[in-house]
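Structure, as C-alpha cells:
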Amino acid sequence: MKTEAEHFVIPFFKVKEFAQKGERHMALDSVALIALNNFRQRFGKPVRITRAYSTPEHNLKVGGVSNSLHLRGAAFDLDLGEGDIGRKTVMLRQSGFNEVMFYPKTGHYHAGLENGR
Ligand SMILES: [Zn+2]
223 MKTEAEHFVI PFFKVKEFAQ KGERHMALDS VALIALNNFR QRFGKPVRIT
273 RAYSTPEHNL KVGGVSNSLH LRGAAFDLDL GEGDIGRKTV MLRQSGFNEV
323 MFYPKTGHYH AGLENGR
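Each residue of the sequence shown is one higher than the one before, starting from 223 at the first, in my numbering.
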C-alpha cells in the first residue's frame, strides 16, 4: 500500500476549486484530499465543490462552528446532484470521511475528515 505522500490527490480537481473566492492562501488536509479522491473514483461522475477551505472570518459569516474542519481544509461541501442520499452518504464514509452530513435546504453534502478519530 502506498503511503499518503505517494498518492496523486488531485487528478480530478483544480487548485482553484478548493480556494475561498478572493483568497490566495489556503490550508488543505492531505488525508482529506485522499478521501475526496477515493470518493470521486467510486462515484464516477463529476463532483462540484461548493466550499472547501474557509478563513475564520468567512466561516463565521456562513454560520460555521468555531472548530469547523473547513478552517483546516479538512472538509468539503459537495454538490452531487440528484439521487439516493443514503447511498452517497455511505459512499462518502467508505471513502474515508468521518464527518458526513446532508443539508436538505441546499442539497449539499458536507464531507469532513477529523484525523485521529
Ligand atoms: Zn461543510
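Beta carbons are placed, not taken as given, at the ideal position from N, Cα and C, and that holds for glycine.
DSSP, read as helix, strand or coil, puts I307 in helix. Per DSSP, the unbroken alpha helix (DSSP H) holding F261 starts and ends at 252–265.
Ordered along the chain, residues surrounding ligand 1 are R273, H292, A297, D299, H332 [Cβ under 6 Å from any heavy atom]. Looking at the backbone, the Cα of S276 and that of N320 are separated by about 19 Å. If you draw a straight line from the Cα of N289 to the Cα of G305, it comes to about 30 Å. Boundaries for E321: no alpha helix (DSSP H) harbours it, while the beta strand (DSSP E) harbouring it runs 321–325, taken from the DSSP string. Within the DSSP secondary-structure output, F298 pairs in a beta bridge with A333. Counted as a single uninterrupted DSSP element, the beta strand (DSSP E) harbouring T272 occupies residues 270–273. Residue state for E245 is assigned as coil, using DSSP reduced to three classes.
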